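Data block below; observations after.
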Amino acid sequence: MSLLPRTTSVKPGEKFDVIIVGLGPAAYGAALYSARYMLKTLVIGETPGGQLTEAGIVDDYLGLIEIQASDMIKVFNKHIEKYEVPVLLDIVEKIENRGDEFVVKTKRKGEFKADSVILGIGVKRRKLGVPGEQEFAGRGISYCSVCDAPLFKNRVVAVIGGGDSALEGAEILSSYSTKVYLIHRRDTFKGQQPIYVETVKKKPNVEFVLNSVVKEIKGDKVVKQVVVENLKTGEIKELNVNGVFIEIGFDPPTDFAKSNGIETDTNGYIKVDEWMRTSVPGVFAAGDCTSAWLGFRQVITAVAQGAVAATSAYRYVTEKKGKK
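So the sequence shown is residues 1 to 324, counted in the UniProt record's numbering.
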């Protein structure tokens with residue numbers, strides 16, 4: 001099975017019941033259910049798997065035990081190939097609402113039409129931008145403590161960040177790992193839930209490394225050390241670790257949503273109701289890009305929300321065709 005989905009020839013200007021924007025887990029979930037609802041479906045996305053491509057082993061998706069993320073993407077591709085869902089590897093630049101239909105404009109392949117649109121465009125992880133980060137992604141570097149903590153049982157790890165996700169990650173990891181370094185560039189934490197700070201401080205195997213930043217991540221085949229600089233003293237030291245958890249936040253697709261007239265919440269995530277309906281009738285959204293992620297970014301929840309969005313799109317398209 002290929003990591004890339006089987007792309008099917010589609011013609012610019014072609015009309016679909018639903019166009020799904022994105023190629024992460026939410027988009028795959030939406031594609032599967034749209035196809036099963038017998039909707040004429042097109043998926044347009046840039047990177048098969050989305051943020052899943054940055055993961056290593058995934059062991060929190062029911063039925064797929066300790067699967068490599070790349071193999072999980074192949075399984076997702078295979079499933080939508082069964083239903084002959086066309087996939088276009090391209091970038092959506094604009095979605096125009098023309099009253100009776102939507103026009104989805106891509107960067108390379110032109111325009112496509114649809115009665116409804118599902119957005120599964122995810123969020124962008126904030127990166128440290130230090131040497132070794134890209135090299136060891138999925139080989140000791142993780143961006144999700146909740147997802148990968150069990151993989152580091154009886155290991156030494158470092159968590160980088162100062163928000164709620166970093167504190168929660170340190171607390172979870174303390175139950176698995178023998179030692180947890182919590183590295184933060186300030187001496188106070190910006191988390192919205194102060195109880196996390198007090199909880200983590202009580203953990204005997206958590207060591208706070210404050211007023212410090214990571215300068216480099218080193219290793220051979222896997223992570224071995226993080227190089228840390230104290231911003232006040234200038235001291236540089238190496239910490240021997242088996243894993244590094246980068247928890248410094250995400251950037252939601254605020255600009256994309258606003259440029260297409262879709263309402264966002266106060267944090268910039270696409271605002272949806274329980275049926276994944278956005279502020280624009282006929283446009284639905286699912287996964288990490290939405291206000292429904294609830295502080296819990298997981299493959300299993302993204303796929304589920306994609307299925308809900310597809311169900312809503314099916315009802316919308318069916319009602320629309322019934323009126324015609």
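Quick reminder that beta carbons are idealized off the backbone N, C-alpha and C, glycines included.
Keep in mind it's a predicted model, so treat the numbers as computed, not measured.
- In this structure, the straight-line span from the alpha carbon of Gly140 to that of Pro150 is close to 13 Å.
- Taking C-beta atoms under 8 Å as the contact rule, Val214 and Val228 qualify, at a distance of about 6 Å.
- A residue is called buried once 16 or more other Cβ atoms fall within 10 Å of its Cβ, and Asn154, having fewer, is exposed.
- Counting only residues of its own chain and dropping the five nearest sequence neighbours on each side, Asn230 has a CB closer than 7 Å to the CB of Asn211 and Ser212.
- Within the DSSP secondary-structure output, Glu96 pairs in a beta bridge with Val103.
- If you compare the alpha carbons of Tyr33, Gly287 and Ala158 with that of Glu238, the shortest gap goes to Ala158.
- In this structure, the beta-carbon distance from Gly306 to Ala292 does not fall below 7 Å.
- Linking Val21 to Ala304 through their CA atoms gives a straight-line distance of about 16 Å.
- DSSP places Arg139 outside both helix and strand once states are collapsed to three, so it counts as coil.
- The alpha carbon of Val308 has as its nearest neighbour, out of Thr278, Lys323 and Lys74, the alpha carbon of Thr278.
- Close CB contacts of Glu168 within its chain, under the 8 Å cut and outside five residues either way in sequence, are with Ser145, Val146 and Tyr196 (chain order).
- Cβ-Cβ distances below 7 Å link Lys320 to Asp115 in the same chain, with the five nearest sequence neighbours on each side left out; the list follows chain order.
- Its chain contains Thr199 and Val200 as the residues whose beta carbon lies nearer than 6 Å to that of Glu171, once the 5 sequence neighbours on both sides are disregarded; these appear in chain order.
- When DSSP reads this structure, Thr318 sits in no beta bridge, so it has no partner.
- With fewer than 16 other Cβ atoms inside 10 Å of its own Cβ, Arg98 counts as exposed.
- With a 10 Å radius around the Cβ and a threshold of 16 neighbouring Cβ atoms, Leu62 comes out exposed.
- DSSP lists Val117 as the bridge partner or partners of Val283.
- Taking a contact to require three or more Cβ pairs closer than 8 Å, the segment 65-74 and the segment 238-256 do not qualify as touching.
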